[in-house]
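Novice: Next up is a structure, given as structure tokens.
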Amino acid sequence: MRKPEINNKGYLECEHRQISSAASGATMIIKALEKENVDMVFGYPGGAVIPLYNKLYDSTLKHVLVRHEQAAVHAADGYARVTGKPGVVFATSGPGATNLVTGIANAYMDSVPLVIITGQVPCSSIGTDAFQEADITGITMPITKHNYLVKEVSDLPNILSEAFFLASTGRRGPVLIDIPKDIFDREAEFVYNRNRKIPGYNPTYEGHAGQISRAVKAIKEAKRPVLFGGGGLLRSGASPALQDFAEKARVPVILTLMGLGAFPGDNELYLGMPGMHGTITANYALTQADLIIAAGVRFDDRVTGKIEEFANNARVIHIDIDPAEIGKNVNIDVPIVGDVKTVLEALLKNVQPGDTAEWLQQIKGWQKNYPTLCGSNGAGRPIKPQFVIKELSRLSPENTIVATDVGQHQMWTAQHFNIKRPYKFITSGGLGTMGYGFPAAIGAKLACPDETVICITGDGSFQMNIQELATAVNNQLDLIIAVVNNGYLGMVRQWQDIFYNKRYAHTALEGNPDFVKVAEAYGAKGLRAAGENNVSSVIEEALSEKGPVIIDFIVDPEENVYPMVAPNCPINEIIFGGARS
184 MRKPEINNKG YLECEHRQIS SAASGATMII KALEKENVDM VFGYPGGAVI PLYNKLYDST
244 LKHVLVRHEQ AAVHAADGYA RVTGKPGVVF ATSGPGATNL VTGIANAYMD SVPLVIITGQ
304 VPCSSIGTDA FQEADITGIT MPITKHNYLV KEVSDLPNIL SEAFFLASTG RRGPVLIDIP
364 KDIFDREAEF VYNRNRKIPG YNPTYEGHAG QISRAVKAIK EAKRPVLFGG GGLLRSGASP
424 ALQDFAEKAR VPVILTLMGL GAFPGDNELY LGMPGMHGTI TANYALTQAD LIIAAGVRFD
484 DRVTGKIEEF ANNARVIHID IDPAEIGKNV NIDVPIVGDV KTVLEALLKN VQPGDTAEWL
544 QQIKGWQKNY PTLCGSNGAG RPIKPQFVIK ELSRLSPENT IVATDVGQHQ MWTAQHFNIK
604 RPYKFITSGG LGTMGYGFPA AIGAKLACPD ETVICITGDG SFQMNIQELA TAVNNQLDLI
664 IAVVNNGYLG MVRQWQDIFY NKRYAHTALE GNPDFVKVAE AYGAKGLRAA GENNVSSVIE
724 EALSEKGPVI IDFIVDPEEN VYPMVAPNCP INEIIFGGAR S
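In the working numbering, the protein residues as written are 184 to 764.
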């Protein structure tokens, strides 16, 4: 792509070319989306994108009108995670575009494919601080896989084609296209080519044969191996290969928060999630392993704890499609750049069952001695939040899609909701975005209308995008919103409890609304459970309802998430906590 030309006034010049009997920029966008098999767009109109919405009016594309642009990105993100297809977003210039930033950063951190189309002020006004002008390409440069400012309508078909290609190949991610308002109305020839090749962009899919041979040898020699998998497993569709590999090689599996669902939660080889709020078994296994087969993970600080003392006894094989991740945080013995699914399938052809019986027996001992606790307060006492998650898991259909917000409820869900299949758990991992879960659940439900979708959220997170109740009601979505209501910003309060001598500075959410009445005001159903004796009944009622249902679970306000590893501590130095009496 050519660099923008700067005129003597310091702003971009766009060529004014009109080609009769050709397509306008807005028409090109609609046609390109149709050619990319896009069936749904999430957005919010404004002045700079009126020409685009005018063409959308006559299109067969479904447009989901959200109530805030941030929710549009999160909904498109949820749609993308459960379908594997790029989510598509429309937003206007200025505040419409800048309202997308948190959602774009969230998708970038979690490698989610999105194509985002923003309006911009007309070409002649760029650089003049015009009404609702913002340099969204500059703002989002660090948080997009790539972005474009379109200055010639004739470039638009190629840019759109490239955007979908970049978003959905290699390490996936968000791509933004910023389009000045006058470009929507200008015309040029529309020729769309989906057979794309971009100079300098050549993701590696096949692992190096020599490195794969080294990995096979290391696996054969290992006595205490673990397979440590993350979100890359899901992005590459590697779940079947992972299960076949683990069972053939008899290697136990640990999954990060982003990898949950890539391996069945009820499989005997599954050890749970590692790290700050991971299972004791997973943390002990990583600490004592002599080989870690890392597949599609970033070795995030929440997983590794004190990096200098992470897995010092282990050789490390690292498989990732992004070469920048290999060796970034942890020293690697066998680096393999490639698609996780492709590499695991190559390993599977050559790997043999290992001598891991003694190791698996030791792991079973840890699992027996250190179960993840799920307390119960009994009748007449505040509900234990873990009990709520356990009951939601027990009563929900097998294929339920679970979306969470961020905080204590997110960790309790990861610990206690049995995720057995891929693409059934969506959450904000890298950025940790409160307000993500509810709109992401909307996107997931729109993508999978026949599946049960539950958003597990907190009273703090829910209120960050609570206005999307209008979106859920307007689209008649059978969607359950389970509010784990403890009256606090729970995770921050927990840290204040443990590390700051219970100095609860501004974490009590005084003035919370009555969520049942809020539901009713929007035209949704509202239910409440204030004791353990009616938790099951309200869940069963919600599952039988049509339309959105909020369940307000009044839980123990000072319950903490355990086990826990303190910041900058080794992951085997665990605060056990336990059920509070």
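Note that the Cβ used here is the ideal one computed from N, Cα and C, for glycine as well.
How would you call I722, buried or exposed, if buried means at least 16 neighbouring beta carbons within 10 angstroms?
Specialist: Here residue 722 refers to the residue found at position 539 when the sequence shown is read from its first residue. By the neighbour-count rule (16 or more Cβ atoms within 10 Å), I722 is buried.
Novice: Would you call the segment 345-360 and the segment 374-386 in contact, with 3 or more CB pairs under 8 Å?
Specialist: Short answer: they touch.
Novice: Report buried or exposed for H689, applying the criterion of at least 16 other Cβ atoms within 10 angstroms of its Cβ.
Specialist: Position 506 of the sequence shown, counting from 1, holds the residue named residue 689. The residue is exposed, with fewer than 16 neighbouring Cβ atoms inside 10 Å.
Novice: Buried or exposed, going by whether 16 or more other CB atoms sit within 10 Å of the CB of S720?
Specialist: Here residue 720 refers to the residue found at position 537 of the sequence shown. Looking at its Cβ environment, which holds fewer than 16 other Cβ atoms inside 10 Å, S720 is exposed.
Novice: Is there at least one non-hydrogen atom of the ligand NAP closer than 6 Å to the beta-carbon of T470?
Specialist: As far as ligands go, the structure on display features none, and thus does not contain the ligand NAP.
Novice: Quick one: residues in its chain with C-beta nearer than 8 Å to the C-beta of K603, no 5 flanking neighbours on either side, listed in chain order?
Specialist: As a first step, residue 603 must be located in the sequence shown, where it is residue number 420. Closer than 8 Å at the Cβ level, and outside the excluded window around K603, lie G444, P447, G448, D449, E581.
Novice: Could you check whether A231 and T266 sit closer than 7 Å to each other, using their CB atoms as the reference points?
Specialist: Reading the sequence shown from its first residue, position 83 is the one you call residue 266. Reading the sequence shown from its first residue, position 48 is the one you call residue 231. Their beta carbons are not under 7 Å apart, which means T266 does not touch A231 by this criterion.
Novice: What runs of the alpha helix (DSSP H), each 4 residues or longer, lie entirely inside the segment 569-610?
Specialist: Listed in chain order, the complete alpha helix (DSSP H) runs (minimum 4 residues) inside the segment 569-610 are 591-599.
Novice: With I502 and H391 assumed to form a contact (beta carbons below 8 Å), what rounded beta-carbon distance in angstroms separates them?
Specialist: Position 319 of the sequence shown, counted from the start, is the residue given in the question as residue 502. Position 208 of the sequence shown, counted from the start, is the residue given in the question as residue 391. Between H391 and I502 the Cβ distance is about 11 Å, and since that is not below 8 Å, they are no contact.
Novice: How about A665 and L527: are their beta carbons less than 7 Å apart?
Specialist: On the sequence shown, position 482 is the one that residue 665 refers to. On the sequence shown, position 344 is the one that residue 527 refers to. No, these two residues do not count as a Cβ contact at 7 Å.
Novice: Just to confirm, is the Cβ distance from L410 to V434 under 7 Å?
Specialist: Here residue 410 corresponds to residue number 227 of the sequence shown, with the count starting at 1. Here residue 434 corresponds to residue number 251 of the sequence shown, with the count starting at 1. Taking 7 Å as the Cβ cut-off, L410 and V434 qualify as a contacting pair.
Novice: Nearest to I490 by CA position, among I500, L469, D473, is which residue?
Specialist: Position 307 of the sequence shown, counted from the start, is the residue given in the question as residue 490. The option with the nearest alpha carbon to I490 is L469.
Novice: To which residues of the same chain is W137 closer than 8 Å at the C-beta, ignoring the five residues directly before and after it?
Specialist: Residue numbering for the chain in the displayed model covers 184 to 764; residue 137 lies beyond these limits and cannot be assessed.
Novice: Near P753, which residues of its chain fall below 6 Å by C-beta distance, leaving aside the five closest residues on each side in sequence?
Specialist: The residue you call residue 753 lines up with position 570 of the sequence shown. Taken in chain order, the residues that qualify are G488, K489, E492.
Novice: Going by other Cβ atoms of all chains shown within 10 Å of its Cβ, with 16 needed for buried, is S579 buried or exposed?
Specialist: Looking up residue 579 in the sequence shown gives position 396. Flag for S579 reads buried.
Novice: Just to confirm my understanding: we take A263, look at its own chain, exclude 5 residues before and 5 after, and list those with CB closer than 7 Å. What are they?
Specialist: For the purposes of this step, residue 263 is taken as residue 80 along the sequence shown, with counting starting at 1. Answer for A263: P269, G270, V295, P296, L297, listed in chain order.
Novice: Would you check if there are 3 or more beta carbon pairs closer than 8 Å linking the segment 280-292 to the segment 611-618?
Specialist: Yes, since at least three Cβ pairs between the segment 280-292 and the segment 611-618 fall closer than 8 Å, the two stretches touch.
Novice: In the structure shown, what three-state DSSP assignment does C752 receive?
Specialist: Here residue 752 refers to the residue found at position 569 when the sequence shown is read from its first residue. C752: coil per DSSP, three-state reduction.
Novice: Pull up the DSSP beta-bridge partners for C638, would you.
Specialist: For this step, residue 638 is matched to residue 455 along the sequence shown. The partner list for C638 (beta bridge, DSSP) reads A586, I664.
Novice: Would you report the Cα separation of T301 and P325, rounded to the nearest angstrom?
Specialist: Numbered from its first residue, the sequence shown carries residue 301 at position 118. Numbered from its first residue, the sequence shown carries residue 325 at position 142. One C-alpha to the other measures close to 17 Å.
Novice: If contact is defined by three or more beta carbon pairs under 8 Å, each pair taking one atom from either stretch, is the segment 688-705 in contact with the segment 666-675?
Specialist: Yes, the segment 666-675 is in contact with the segment 688-705.
Novice: Cutting at 7 Å between CB atoms, please list the residues of its own chain near N341, excluding the five before and the five after it.
Specialist: On the sequence shown, residue 341 is found 158 positions in, with the first residue counted as 1. Taken in chain order, the list of residues that qualify is empty.
Novice: For T320 versus L332, is the C-beta distance shorter than 7 Å?
Specialist: One-based indexing of the sequence shown puts residue 320 at position 137. One-based indexing of the sequence shown puts residue 332 at position 149. Cβ distance < 7 Å, so T320 and L332 count as in contact.
Novice: Give the DSSP bridge partners of A478, in chain order.
Specialist: Position 295 of the sequence shown holds residue 478. BP columns for A478 point to G412, I502.
Novice: What span of residues does the alpha helix (DSSP H) with D680 cover, start to end?
Specialist: Position 497 of the sequence shown, counted from the start, is the residue given in the question as residue 680. 673-682 is the span of the alpha helix (DSSP H), which, as asked, contains D680.
Novice: Can you say whether N220 is buried or exposed, counting buried as having 16 or more other CB atoms within 10 angstroms of its CB?
Specialist: Numbered from 1 along the sequence shown, position 37 holds the residue referred to as residue 220. Per the 10 Å Cβ criterion, exposed.
Novice: In the DSSP assignment, what are the bridge partners of E252?
Specialist: As a working note, residue 252 is residue 69 in the sequence shown. BP columns for E252 are empty, so no partner.
Novice: Keeping to the same chain, check which residues put their C-beta closer than 7 Å to that of D522; ignore five residues upstream and five downstream.
Specialist: Numbered from 1 along the sequence shown, position 339 holds the residue referred to as residue 522. Around D522: Y388, S419, I504.
Novice: Taking a contact to mean a Cβ-Cβ separation below 7 Å, would you say E252 touches Y236 in this structure?
Specialist: Translated into the one-based positions of the sequence shown, residue 252 becomes position 69. Translated into the one-based positions of the sequence shown, residue 236 becomes position 53. Cβ atoms of E252 and Y236: not closer than 7 Å.
Novice: Are Y683 and R676 closer than 7 Å when you measure CB to CB?
Specialist: As a position in the sequence shown, residue 683 is number 500, starting the count at 1. As a position in the sequence shown, residue 676 is number 493, starting the count at 1. Against a cut-off of 7 Å, the Cβ pair of R676 and Y683 comes out as no contact.
Novice: In whole angstroms, what is the alpha-carbon distance linking R397 and V499?
Specialist: Along the sequence shown, read from residue 1 onward, the residue named residue 397 stands at position 214. Along the sequence shown, read from residue 1 onward, the residue named residue 499 stands at position 316. Rounded to whole angstroms, R397 to V499 spans 11 Å at the Cα level.
Novice: Thinking just about the alpha-carbon of each residue, which of C557, A725, D633 is nearest to the one in V744?
Specialist: On the sequence shown, position 561 is the one that residue 744 refers to. Of C557, A725, D633, the residue nearest in Cα terms is C557.
Novice: For the candidate residues R379, F621, T635, whose alpha-carbon lies nearest to that of V256?
Specialist: On the sequence shown, residue 256 is found 73 positions in, with the first residue counted as 1. Here the closest residue by C-alpha is F621.
Novice: Between which two residues does the alpha helix (DSSP H) holding V526 run?
Specialist: Reading the sequence shown from its first residue, position 343 is the one you call residue 526. Start and end: 523-533.
Novice: Fully enclosed by the segment 403-459, which beta strand (DSSP E) runs are 3 residues long or longer?
Specialist: With a minimum length of 3 residues, the continuous beta strand (DSSP E) runs that stay inside the segment 403-459 are 408-412, 436-438, 453-455.
Novice: If you follow the beta strand (DSSP E) that K214 is in, where does it begin and where does it stop?
Specialist: By 1-based counting over the sequence shown, the position of residue 214 is 31. Unbroken run through K214 is the alpha helix (DSSP H), 208-218; no beta strand (DSSP E).
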